[in-house]
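>
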Amino acid sequence: MNQDKSPTVSTQAKPSDNVASSTADLGTSSIRRLLMQYSVPAIIASVAVSLYNIVDSIFIGRGVGAMAIAGLAITFPLMNLVMAFCTLIAVGGATISSIFLGQKNYSRATDVVNNVFVLCLIHSVLFGGVTLLFLDRILYFFGATEETIPYASEFMKVILYGTPVSYLFIGLNNLMRATGYPRKAMISALLSVVVNVILAPIFIFVFDWGIKGAAFATICGQSAAFIWVLHHFLSRKSSIHLNWGNKWLTGAIMKRIYAIGLSPFLMNVCACIVVIFINRALLDYGGDDGNMAVGAYGILNRTTMFFVMIVFGVTQGMQPILGYNYGAGNLDRVKRTLKLGIILGVSITFVGWLITELFPDAVSDLFTTDPVLIDLARKGFRIYFICYPVVGCQIVIQNFFQSVGKPKISIFLSLTRQLLFLIPFLIILPRHFGINGVWASMSASDIIAFVFAVVTLYVSMRNTKKMSGASTE
Numbered sequence: 009m010n011q012d013k014s015p016t017v018s019t020q021a022k023p024s025d026n027v028a029s030s031t032a033d034l035g036t037s038s039i040r041r042l043l044m045q046y047s048v049p050a051i052i053a054s055v056a057v058s059l060y061n062i063v064d065s066i067f068i069g070r071g072v073g074a075m076a077i078a079g080l081a082i083t084f085p086l087m088n089l090v091m092a093f094c095t096l097i098a099v100g101g102a103t104i105s106s107i108f109l110g111q112k113n114y115s116r117a118t119d120v121v122n123n124v125f126v127l128c129l130i131h132s133v134l135f136g137g138v139t140l141l142f143l144d145r146i147l148y149f150f151g152a153t154e155e156t157i158p159y160a161s162e163f164m165k166v167i168l169y170g171t172p173v174s175y176l177f178i179g180l181n182n183l184m185r186a187t188g189y190p191r192k193a194m195i196s197a198l199l200s201v202v203v204n205v206i207l208a209p210i211f212i213f214v215f216d217w218g219i220k221g222a223a224f225a226t227i228c229g230q231s232a233a234f235i236w237v238l239h240h241f242l243s244r245k246s247s248i249h250l251n252w253g254n255k256w257l258t259g260a261i262m263k264r265i266y267a268i269g270l271s272p273f274l275m276n277v278c279a280c281i282v283v284i285f286i287n288r289a290l291l292d293y294g295g296d297d298g299n300m301a302v303g304a305y306g307i308l309n310r311t312t313m314f315f316v317m318i319v320f321g322v323t324q325g326m327q328p329i330l331g332y333n334y335g336a337g338n339l340d341r342v343k344r345t346l347k348l349g350i351i352l353g354v355s356i357t358f359v360g361w362l363i364t365e366l367f368p369d370a371v372s373d374l375f376t377t378d379p380v381l382i383d384l385a386r387k388g389f390r391i392y393f394i395c396y397p398v399v400g401c402q403i404v405i406q407n408f409f410q411s412v413g414k415p416k417i418s419i420f421l422s423l424t425r426q427l428l429f430l431i432p433f434l435i436i437l438p439r440h441f442g443i444n445g446v447w448a449s450m451s452a453s454d455i456i457a458f459v460f461a462v463v464t465l466y467v468s469m470r471n472t473k474k475m476s477g478a479s480t481e
């Protein structure tokens, strides 16, 4: 018998009043109130994560130089791979734990915590160790030049040595949010940012550690947050905790974690591949300013990710609501949550478009005073962000399918935006429009991926209505 799908309540782990009431609210309380309750902390946490990336870039650009910004941009594909193997576990574990809570299966939800903890350790040690052995070769493949390799290599060595802490923090923090503790998850993310923002200028400007100082500050911030999160899961006050008496790895749970986490994993892998194509295209068509063009993309990337991370905060807030109600069969609440999420997602990316359209120089000036870099970034903003408002809708729809346990559809949508459309555009458009064709490729892929997402959602909802109608006859 498959224990994963059993709706029975285990006698090994009974819910505390706090957990039971908070999860029960997911099926009865106002959707708006729940989305506010879960999304606001998640948004703050996501903004916090994005902010320390932005702050790092600002300190690096101001304290080390424009070429260091380009070196940092070269690390983006590798950072995407770092996150790929982490989100494979973190998102899959969070989604499954929410579904188990919706089924009142608290014992299996606790088992998920154990599995996530061990898998985070295994993935981080294997990935970090192997990557360190071939780091410079990998960075050259990703587009590094003799001018940018020292900065990229210094930064990534520190990050890779710290991957065990990073993975455990992200994995457990996602579980904390998904199991009814969004405020605690927000606090842990804020803690990592505060520590990072305090230490980064000290390490860069006072200790004169250069770009590696920013990396050390990042790892220190995540270490402080990990201690906070670990304390929560070691506490017996929560029924969803690390249970030393349970199995640490369970085949059935691992299989479901990987199945559901495959979508964000592929999304990050695709992002890695795409950034490699972008960096190489910018180097090829940027002429003498090729390295500066890569640096301009670094500025655009940090800016776009700031607003995307806010949308991710909304989807993280939606995830426990969607997972619980889908597990409980409350499809009307699932649809209402999705509708509100789409409205919020589009509103957020519209604001991002408006800011970069009105104040491109002001945004660029935060990162650098180099006039060449600012000019390249300004031109990139004008073209890259032209279709940006629809990105919010596409991200929400993609994460909706992931949250209700339909990873194949989510994977398909992630592939359309980041791989199936963007790479062909990156091959074709720059040949005709030069560096402007690189920026235009991103806009074109965004609008087509948006159309695919809307059509896919419409077909899925229509099929759901048919099945629902057939079941009532």
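With the numbering used here, letter number 467 in the sequence shown gets 475, and the count goes up by one each step, no holes.
The beta-carbon is built from N, C-alpha and C at its ideal position, and this holds for glycine as well.
Roughly how far, in whole angstroms, is the beta-carbon of N333 from the beta-carbon of G110, given that I think they are within contact range, below 8 Å?
Indexing the sequence shown from 1 puts residue 333 at position 325. Indexing the sequence shown from 1 puts residue 110 at position 102. Rounded, the Cβ-Cβ distance is 7 Å, consistent with contact.
> So for G442, helix, strand or coil by DSSP?
Your numbering for residue 442 matches position 434 in the sequence shown. Three-state result, G442: coil.
> Note the first and the last residue of the continuous alpha helix (DSSP H) segment covering D296.
The residue you call residue 296 lines up with position 288 of the sequence shown. No alpha helix (DSSP H) holds D296; DSSP gives it neither H nor E.
> What would DSSP say about S105, mapped onto helix, strand or coil?
Taking the first residue of the sequence shown as position 1, residue 105 is located at position 97. Helix.
> Using 8 Å as the threshold, is the segment 422 to 438 in touch with the segment 446 to 454, meaning 3 or more CB pairs across them?
yes
> Does the contact criterion of 3 or more C-beta pairs under 8 Å hold for the segment 241 to 261 versus the segment 397 to 408?
no
> Run through DSSP, which three-state label would Q230 get?
Here residue 230 refers to the residue found at position 222 when the sequence shown is read from its first residue. Looking at Q230 - three-state DSSP - the assignment turns out to be helix.
> Should N204 and Y60 be called a contact, given that it needs their Cβ atoms to be closer than 7 Å?
Locating residue 204 in the sequence shown gives position 196, where the first residue counts as 1. Locating residue 60 in the sequence shown gives position 52, where the first residue counts as 1. A contact, by the Cβ cut-off of 7 Å.
> Can you list, in chain order, the residues of its chain with a C-beta nearer than 8 Å to that of M75? Leave out the 5 residues immediately preceding and following it.
Position 67 of the sequence shown holds residue 75. E155, T156, Y159, N299, G303.
> What I want to know is whether the C-beta of L59 ends up closer than 6 Å to one or more non-hydrogen atoms of the ligand FAD.
No copy of the ligand FAD appears in this structure; indeed no ligand is present at all.
> If we ignore side chains and look at the alpha-carbon of each, how far apart do K151 and A56 end up?
Along the sequence shown, one-based indexing puts residue 151 at 143. Along the sequence shown, one-based indexing puts residue 56 at 48. The question names Lys, yet the displayed sequence has Gly at residue 151. Rounded to the nearest angstrom, the two C-alpha atoms are 29 Å apart.
> Within 8 Å, do at least three Cβ pairs link the segment 315 to 325 to the segment 31 to 48?
In short, these stretches touch, since the Cβ pair count reaches three.
> When the Cβ atoms of the segment 138 to 147 are set against those of the segment 182 to 195, are three or more pairs found closer than 8 Å?
no
> Ends of the alpha helix (DSSP H) at D383?
As a first step, residue 383 must be located in the sequence shown, where it is residue number 375. Per DSSP, D383 belongs to the alpha helix (DSSP H) from 379 to 392.
> Quick one: residues in its chain with C-beta nearer than 7 Å to the C-beta of I97, no 5 flanking neighbours on either side, listed in chain order?
Residue numbering aside, residue 97 sits at position 89 when the sequence shown is read from its first letter. Around I97: V124, L127, C128, H131, G179, I265, G269.
> Going straight from the alpha carbon of M164 to that of F375, what length do you get?
Working through the sequence shown from its first residue, we reach residue 164 at position 156. Working through the sequence shown from its first residue, we reach residue 375 at position 367. The C-alpha of M164 lies about 20 Å from the C-alpha of F375.
> How about T357 and G400: are their beta carbons less than 7 Å apart?
Position 349 of the sequence shown, counted from the start, is the residue given in the question as residue 357. Position 392 of the sequence shown, counted from the start, is the residue given in the question as residue 400. Yes, Cβ-Cβ distance for T357 and G400 is below 7 Å.
> What is the rounded straight-line gap between the Cα of G69 and the Cα of P438?
As a first step, residue 69 is located in the sequence shown; it is residue number 61 there, counting from the start. As a first step, residue 438 is located in the sequence shown; it is residue number 430 there, counting from the start. Taking the straight line from one Cα to the other gives about 27 Å.
> Can you name, in chain order, every residue of its own chain whose Cβ lies under 6 Å from the Cβ of F93, other than the five neighbours on each side?
Here residue 93 corresponds to residue number 85 of the sequence shown, with the count starting at 1. Annotation for F93: H131, F135 place their beta carbon closer than 6 Å to its own, counting only its chain and skipping 5 residues before and after.
> Would DSSP call G349 helix, strand or coil?
Within the sequence shown, the letter at position 341 stands for residue 349. G349 falls in the helix class under three-state DSSP.
> Along the chain, where does the alpha helix (DSSP H) containing D64 start, and where does it finish?
What you label residue 64 is simply residue 56 of the sequence shown in a count that begins at 1. 39 to 71 is the span of the alpha helix (DSSP H), which, as asked, contains D64.
> Measuring only the C-alpha atoms, how far is L434 from A289?
Start at 1 with the first residue of the sequence shown, and residue 434 comes out as number 426. Start at 1 with the first residue of the sequence shown, and residue 289 comes out as number 281. If you take the alpha carbons of L434 and A289, they lie about 7 Å apart.
> Check for me: the alpha helix (DSSP H) holding C128 runs from which residue to which?
As a working mapping, residue 128 is identified with position 120 in the sequence shown. Looking at the DSSP string, the run of the alpha helix (DSSP H) that includes C128 is 114 to 141.
> Can you tell me whether F273 is buried or exposed, with buried defined as 16 or more other CB within 10 angstroms of its CB?
Counting from 1 along the sequence shown, the entry for residue 273 is found at position 265. Its Cβ being crowded by 16 or more others within 10 Å, F273 is buried.
> Determine the burial state of Y392: buried for a count of at least 16 other Cβ atoms within 10 Å of its Cβ, exposed for fewer.
Within the sequence shown, the letter at position 384 stands for residue 392. Buried, because 16 or more other Cβ atoms sit within 10 Å of the Cβ of Y392.
> How about S105 and V90: are their beta carbons less than 7 Å apart?
Counted from its first residue, the sequence shown places residue 105 at position 97. Counted from its first residue, the sequence shown places residue 90 at position 82. Cβ atoms of S105 and V90: not closer than 7 Å.
> How close, in whole Å, do the beta carbons of P491 and V462 come, if the pair is a contact with beta carbons under 8 Å?
Because the chain is modelled from 9 through 481, residue 491 falls outside the range shown and cannot be assessed.
> V72 and I284 - do their beta-carbons sit closer together than 7 Å?
Residue 284 sits at position 276 when you count from the first residue of the sequence shown. Residue 72 sits at position 64 when you count from the first residue of the sequence shown. The criterion of a C-beta distance shorter than 7 Å is not satisfied by I284 and V72.
> In chain order, what residues of the same chain lie with their CB nearer than 8 Å to the CB of K263, ignoring the 5 residues before and after it?
Within the sequence shown, residue 263 is the residue found at index 255, counting from 1. Within the same chain, K263 has no close Cβ partners at all.
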